[in-house]
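Chains as they are written, first to last, in the numbering used here: chain A, 14 to 430; chain B, 14 to 430.
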């Protein structure tokens with residue numbers, strides 16, 4: 014994409030009421046727009062990142078046997094009354110609104126109840142199970158405090174998968190597989206090393222749930238690490254679980270972290286409440302065992318910003334970056350020649366399947382370089398009279414700051430593998 | 014995809030409160046689930062169709078120079094007060110809800126106001142214009158009557174593009190280009206022939222707006238056709254426009270139709286209200302001329318069902334069908350052999366890039382054939398002991414009902430071009 018085609022610009026200052034680092038940087042770089050506290054629109058560059066993260070998650074969910082659907086925001090009170098979660102004293106962050114012709118509806122903050130109802134209309138035999146159903150959909154939570162940018166929104170995009178198994182053993186096998194898939198997702202988006210499988214409080218049907226917590230000072234959670242096993246325990250259960258659940262060793266380090274994903278065994282709670290049953294091989298009616306598996310997509314994006322940004326701006330891992338290459342043309346006295354060469358390279362890279370943001374704007378070099386640093390695209394290539402006369406591209410790695418001169422062929426071979 | 018992997022099943026009856034043909038068929042075939050009147054979830058097959066329609070629209074919007082973003086559902090009262098549209102007496106189908114820490118917010122039913130605010134933070138010079146910005150996003154309208162299935166939802170997916178031009182001439186040029194793009198979209202989704210560019214009432218800034226109306230008895234609108242020009246006039250302005258606006262000939266036919274898209278010149282209404290301005294070449298402050306361009310994606314899907322369905326079920330055009338081929342294995346006495354051959358063909362088709370729904374379920378042939386007809390996938394292939402011994406595939410065209418025997422190679426060459 015040509016940068017002149019984008020309508021967004023960078024800005025020096027974030028809105029004064031924006032206190033979080035992730036939203037400050039993302040707003041300044043033109044990735045998002047703050048509509049109100051906890052509510053952000055995704056502008057073209059931001060939508061690219063969101064889409065890249067969603068694609069990685071979708072691939073791993075499909076590999077896990079997931080089937081994708083799209084449920085609704087508007088929620089039928091009836092199904093939530095069956096589980097007891099319609100009550101505002103039980104769930105304190107509902108948004109509710111009224112239908113014109115009477116009746117109150119909610120805005121979905123999660124989807125166990127409506128999905129269980131849907132499944133009950135399609136599943137009735139052991140032959141129909143297990144099933145793993147997910148969506149990538151917008152959730153609404155009426156947070157009284159929304160100061161963490163896109164780490165904790167009132168409106169946010171989430172992947173939520175729900176599993177329906179025939180028994181505990183089948184559920185546990187899938188639950189363990191989902192841990193591996195989650196680990197792979199966080200590896201692929203670049204957060205693997207900093208993300209800890211974390212034991213947290215469970216519920217009626219399971220002793221513990223599992224969170225995926227990424228270390229960052231801006232995190233709202235506190236976790237206790239076993240660095241050897243790359244496992245942690247959430248502060249909320251530290252009195253109960255005093256040592257590493259894996260190796261029994263000491264939890265030697267305490268860190269702030271943000272919960273980028275969680276997996277939860279639900280037992281038969283929702284299936285029972287909604288009357289979901291199946292007939293087993295012997296003709297006996299049974300209740301499926303459920304689990305839920307969430308990843309906040311905006312939250313992953315915000316966490317990546319928090320973890321990797323430096324004093325100059327955002328630093329994206331290649332897998333989620335809005336573009337792979339930021340091509341910056343610096344037109345001097347002989348502007349036409351530089352722009353012509355840059356255009357040629359832009360077309361060449363694009364035709365080889367490399368996604369490029371081409372800074373074709375009529376701005377000073379300093380402004381373009383500052384913008385490139387703020388935007389955080391992994392590789393910056395500068396084309397100027399100097400690079401043209403030298404016959405090489407000036408290639409800068411955003412993360413390390415290392416600048417190298419490469420021929421075009423060299424660049425393909427060495428830098429894009 | 015293997016049909017056993019889908020969790021949905023077909024059913025004989027739609028819910029008794031569902032009166033629309035589109036939703037009855039889509040529910041019976043397992044494409045959608047009715048959460049409440051006017052609110053439908055998209056199940057795996059339905060999501061495939063929605064995604065296919067969205068992809069076609071996205072391609073044409075990008076070709077038109079559009080940049081994609083994703084705005085929010087929750088709406089800040091402040092921007093809507095500026096345009097006067099917060100008032101429930103002016104806009105009578107708002108959903109509104111309360112923030113926990115005070116203040117009322119709306120659920121977006123359109124996005125002129127918030128986008129104009131966003132653009133005002135990024136655009137300030139004539140060099141920044143024109144810009145064409147779109148999203149594919151969920152809208153909410155508090156309809157008191159919601160009896161048309163997915164033709165008129167309380168919650169529905171829409172593509173909305175907004176244009177920002179420097180003057181009327183630039184606006185008009187884009188407006189005309191958008192007509193061509195819309196025509197192409199409706200051609201590609203299979204509705205071209207039945208869809209009429211229709212003159213409808215305009216607003217403060219333009220005499221007429223243009224709707225794209227698809228002929229179907231279930232339509233809520235009445236239009237008057239000039240069949241020669243493939244143009245129509247909406248009943249609402251028929252007293253004003255009594256002949257074809259193109260050829261001045263008689264409007265010879267009156268038909269029911271559903272509005273699948275519309276384009277609208279907005280003049281400077283929203284830009285003025287929100288204070289969006291730019292500086293022209295002479296340094297003079299000016300107000301951009303805007304337009305809005307909508308297509309209801311669920312509505313397009315519902316209209317396709319209404320228009321093409323026959324007494325046996327849904328009939329999808331190839332471009333939007335959830336799968337290109339429905340492979341039905343009929344296992345007789347020697348079941349293993351049939352399933353093995355079917356699996357081979359499934360893999361062969363898939364590896365050649367053909368999307369296949371493989372009916373691998375343990376059901377009677379009659380049930381499988383009835384399901385295939387109801388689901389409406391364009392091409393059905395039957396594999397049975399008979400077809401295997403004959404060395405050919407039994408290929409049925411869903412639309413025409415014509416059955417032919419083809420070798421696998423033949424099928425690729427003749428049927429998939």
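Note that CB positions come from ideal geometry on N, CA and C, so glycine has one too.
A quick note: this is a predicted structure, and the numbers were derived from the prediction, not measured.
Please state if the CB of residue j and the CB of residue i are separated by a distance shorter than 8 Å.
| i | j | result |
| --- | --- | --- |
| residue 207 of chain A | residue 227 of chain A | yes |
| residue 38 of chain B | residue 318 of chain B | yes |
| residue 48 of chain B | residue 127 of chain A | yes |
| residue 43 of chain B | residue 23 of chain B | yes |
| residue 413 of chain B | residue 406 of chain B | no |
| residue 213 of chain B | residue 249 of chain B | yes |
| residue 291 of chain B | residue 141 of chain B | yes |
| residue 308 of chain A | residue 222 of chain A | no |
| residue 166 of chain B | residue 53 of chain B | yes |
| residue 83 of chain A | residue 55 of chain B | yes |
| residue 80 of chain B | residue 131 of chain B | no |
| residue 310 of chain B | residue 170 of chain B | yes |
| residue 398 of chain A | residue 345 of chain A | yes |
| residue 203 of chain B | residue 333 of chain B | yes |
| residue 77 of chain A | residue 256 of chain A | no |
| residue 328 of chain B | residue 411 of chain B | yes |
| residue 86 of chain B | residue 85 of chain A | no |
| residue 121 of chain A | residue 148 of chain A | no |
| residue 365 of chain A | residue 424 of chain A | no |
Which stretch, first to last residue, makes up the beta strand (DSSP E) that contains residue i?
| i | result |
| --- | --- |
| residue 316 of chain A | Here residue 316 of chain A belongs to no beta strand (DSSP E); instead the alpha helix (DSSP H) covers 310 to 321. |
| residue 46 of chain B | 45 to 49 |
| residue 379 of chain B | Run containing residue 379 of chain B: none in the beta strand (DSSP E); it sits in the alpha helix (DSSP H), 378 to 388. |
| residue 227 of chain B | 221 to 228 |
| residue 412 of chain A | Here residue 412 of chain A belongs to no beta strand (DSSP E), and DSSP marks it neither H nor E. |
| residue 394 of chain B | 392 to 397 |
| residue 231 of chain B | It is not in any beta strand (DSSP E) - residue 231 of chain B carries neither H nor E in the DSSP assignment. |
| residue 214 of chain B | 208 to 214 |
| residue 343 of chain A | 338 to 343 |
| residue 371 of chain A | 369 to 372 |
| residue 246 of chain B | 244 to 247 |
By Cβ distance below 8 Å, which residues in the same chain neighbour residue i in space, the five residues on each side in sequence not counted?
| i | result |
| --- | --- |
| residue 270 of chain B | 209, 211, 226, 227, 228, 229, 232, 234, 235, 236 and 245 |
| residue 351 of chain B | 342, 343, 344, 345, 396, 397, 398 and 401 |
| residue 281 of chain A | 218, 300, 301, 302 and 303 |
| residue 136 of chain B | 142, 144, 177, 289, 291 and 301 |
| residue 45 of chain B | 36, 39, 53, 54, 55, 56, 59 and 163 |
| residue 138 of chain B | 291 and 292 |
| residue 415 of chain A | 409 |
| residue 125 of chain A | 96, 175, 279, 283, 303 and 305 |
Between residue i and the rest of its own chain, which residues show a CB-CB distance below 7 Å, the 5 nearest in sequence each way excluded?
| i | result |
| --- | --- |
| residue 129 of chain B | 283, 284, 287 and 289 |
| residue 111 of chain B | 117 |
| residue 15 of chain B | 371 and 373 |
| residue 389 of chain B | 326, 327, 328, 329 and 411 |
| residue 298 of chain B | 290 and 292 |
First and last residue of the alpha helix (DSSP H) that includes residue i?
| i | result |
| --- | --- |
| residue 74 of chain A | 57 to 76 |
| residue 35 of chain B | 34 to 41 |
| residue 272 of chain B | First-last for residue 272 of chain B: 266 to 280, but that is the beta strand (DSSP E), not the alpha helix (DSSP H). |
| residue 423 of chain A | 421 to 428 |
| residue 251 of chain A | Here residue 251 of chain A belongs to no alpha helix (DSSP H), and DSSP marks it neither H nor E. |
Tell me which same chain residues have a C-beta within less than 6 Å of the C-beta of residue i, skipping the five on either side of it?
| i | result |
| --- | --- |
| residue 247 of chain A | 211, 213 and 236 |
| residue 19 of chain A | 57 |
Output yes if chain C places a C-beta closer than 8 Å to the C-beta of residue i; else output no.
| i | result |
| --- | --- |
| residue 46 of chain B | Looking for chain C here will not work: the only protein chains present are A and B. |
**Request:** Spell out a yes or no on whether the segment 139 to 159 of chain B and the segment 103 to 114 of chain B are touching, meaning 3 or more CB-CB pairs, one atom from each, closer than 8 Å.
**Result:** yes
**Item:** 3 or more residues per run - each beta strand (DSSP E) lying fully within the segment 120 to 203 of chain A
**Value:** 144 to 153 and 168 to 178
**Asked** Counting Cβ pairs, one atom from each stretch, are 3 or more of them under 8 Å apart for the segment 173 to 188 of chain B and the segment 310 to 324 of chain B?
**Response** no
**Message:** Counting beta carbon pairs with one atom in the segment 240 to 247 of chain B and one in the segment 166 to 177 of chain B, are three or more of them shorter than 8 Å?
**Reply:** no
**Request:** Evaluate the contact criterion for the segment 85 to 102 of chain A versus the segment 56 to 66 of chain A: three or more CB pairs, one atom per stretch, below 8 Å.
**Result:** no
**Prompt:** Is there contact here, the segment 365 to 374 of chain B with the segment 334 to 351 of chain B, by at least three beta-carbon pairs under 8 Å?
**Reply:** yes
**Prompt:** Can you find at least 3 beta carbon pairs, one from the segment 158 to 170 of chain B and one from the segment 26 to 37 of chain B, that sit closer than 8 Å?
**Reply:** yes
**Item:** At least 3 beta-carbon pairs within less than 8 Å: the segment 261 to 277 of chain B vs the segment 115 to 126 of chain B
**Value:** no
**Request:** Tell me the start and end of each unbroken alpha helix (DSSP H) in the segment 73 to 113 of chain B that is at least 4 residues and wholly inside, in chain order.
**Result:** 90 to 96
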